[in-house]
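Trainee: All residue numbers for the sequence shown refer to our numbering, where the first residue is 637 and numbers rise by one.
For each residue, glycine too, the CB sits at the ideal point set by N, CA and C.
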Amino acid sequence: MSHKPSKMSFLIYDDKKGPVFLNTNRFALKFTLYVLPIITIISILVIIGGSVYFKQIREMARRKEPAVIKELKASNSDLKRQVSQLLTLNKDFEKKLSSTSTEGIKFTSLALFKPVQGQEDLSTTPALTIDDIGFDRSDKNLKIKFNIINQTKNGRKLAGYIHILMSSTSKILLYPAKEIASEDMLISYNQGESFAFSRLRHVNADFDLSGFDEHKVLFKILVFSRTGDLLYKKLVAKDLK
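1) On the three-state DSSP scale, how would you describe Asp842?
2) So within the segment 775-803, which uninterrupted beta strand (DSSP E) runs reach at least 3 residues, ignoring any that extend past its ends?
3) Would you please state the rounded distance, in angstroms, between the beta carbons of Leu854 and Phe860? I believe it to be under 8 Å.
4) How would you label Lys877, buried or exposed, when you count the other beta carbons within 10 angstroms and need 16 or more for buried?
5) Contact check, Ile785 vs Lys870 under 8 Å by CB: the rounded distance?
6) Work out the CA separation of Asp849 and Leu836 for me, nearest whole Å.
7) Leaving out the 5 sequence neighbours to the left and right, which residues in its chain are closer than 6 Å to Lys814 when beta-carbon positions are compared?
8) Answer yes if the segment 770-786 comes into contact with the segment 749-759, meaning at least three C-beta pairs across the two stretches below 8 Å, and no otherwise.
9) Would you tell me roughly how many angstroms separate the C-alpha atoms of Ser803 and Tyr868, rounded to the nearest one?
10) Between which two residues does the beta strand (DSSP E) harbouring Arg773 extend?
11) Please report the Cβ distance between Ile780 and Ala832, rounded to the nearest whole angstrom; I am assuming they are in contact, meaning their Cβ atoms lie under 8 Å.
12) DSSP state of Ile823, grouped into three classes?
13) Along the chain, where does the beta strand (DSSP E) containing Leu625 start, and where does it finish?
14) By DSSP, does Phe831 sit in helix, in strand, or in coil?
15) Under three-state DSSP, which class holds Leu866?
16) Verify whether the separation of the beta carbon atoms of Ile823 and Tyr811 is less than 8 Å.
17) Would you please state the rounded distance, in angstroms, between the beta carbons of Ser787 and Leu758? I believe it to be under 8 Å.
18) Given this structure, state the Cα-to-Cα distance separating Met696 from Tyr670, to the nearest angstrom.
19) Please list the terminal residues of the continuous beta strand (DSSP E) segment that includes Leu746.
20) First and last residue of the beta strand (DSSP E) that includes Leu809?
21) By the three-class DSSP mapping on this structure, what secondary structure does Leu871 have?
22) Does DSSP classify Pro751 as helix, strand or coil?
23) Pull the bridge partners of Asp897 from the DSSP assignment, please.
24) Which of helix, strand or coil does DSSP assign to Leu715?
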């Protein structure tokens, strides 16, 4: 049986010192020549891989940060705009409450509505208009559809309430359907369908025709601001036959 020596000897020639005889362990030599370089290479690869990975994380965070900041700025801007609108609305209410004008009760088109102190009729120069009016009737139901279009030059947001009155010679139907207060038999302007839009608003109004036998009717479409000013009025005659 062959036996591998556990020790190895080297004879090194040095020009100045002369020959030098060295003994070393076989395992230590293999560890130095093979294992240490492998460990070194693996460590270098791990360091390189780690640096690339963390660099990618930093880059992703750097790219994501502006998007988050942009989203927060947009949200903050929207909140500021809402606060500004509320402040303007409050000022308008304060102005109306401090006014002694009773001009609102003189609007003939608002005979069924409770007057609002300082109310103005802005329908002569309307900030909006109505388009594409359509009717769809079944046996006991009538649906009226139309679009409200913003006509302001700067496209500012409009908000308020929509009322539609359907009248014949003997009966009046209201949209939205509501109970009229018994003490004064009048409608409050803010009982209408609420709206807020910048460009266009679709309206779908339903009327229950149960017990309604007449076919010649008149529709009155009224649009109020949040503070009760009359923004728009329109009369539409319709034969329901």
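Mentor: This is what the structure gives:
1) Strand at Asp842.
2) Secondary structure remark: continuous beta strand (DSSP E) runs of at least 3 residues inside the segment 775-803, in chain order: 777-786, 794-803.
3) Leu854 to Phe860, Cβ: 20 Å. No contact.
4) By the neighbour-count criterion, in which 16 or more other beta carbons inside 10 Å mark a residue as buried, Lys877 falls on the exposed side.
5) Actually they do not touch by this definition, with Cβ atoms about 13 Å apart.
6) Cα atoms of Leu836 and Asp849: separation of roughly 34 Å, rounded to the nearest angstrom.
7) Here the set comprises Gln827.
8) No, the segment 749-759 does not touch the segment 770-786.
9) Approximately 18 Å, taken between the alpha carbons.
10) Counting along the chain, the beta strand (DSSP E) containing Arg773 begins and ends at 764-773.
11) Between Ala832 and Ile780 the Cβ distance is about 21 Å, and since that is not below 8 Å, they are no contact.
12) Three-state DSSP puts Ile823 in a strand.
13) What is shown of the chain runs 637 to 877, which leaves residue 625 out entirely.
14) Strand at Phe831.
15) Secondary structure at Leu866: strand, using DSSP grouped into helix, strand and coil.
16) No; because the gap between Cβ atoms is not below 8 Å, this pair is not in contact.
17) Note that residue 787 corresponds to Gln in the displayed sequence, not to Ser. Actually they do not touch by this definition, with Cβ atoms about 12 Å apart.
18) Answer to the nearest angstrom: the Cα atoms are 39 Å apart.
19) Leu746 -> no beta strand (DSSP E), and no H or E assigned at all.
20) 808-811 is the extent of the beta strand (DSSP E) around Leu809.
21) Leu871 falls in the strand class under three-state DSSP.
22) Coil, per DSSP.
23) Residue 897 lies beyond the stretch modelled for the chain, which goes from 637 to 877, so this question has no answer here.
24) Of the three classes helix, strand and coil, the one that applies to Leu715 here is helix, per DSSP.
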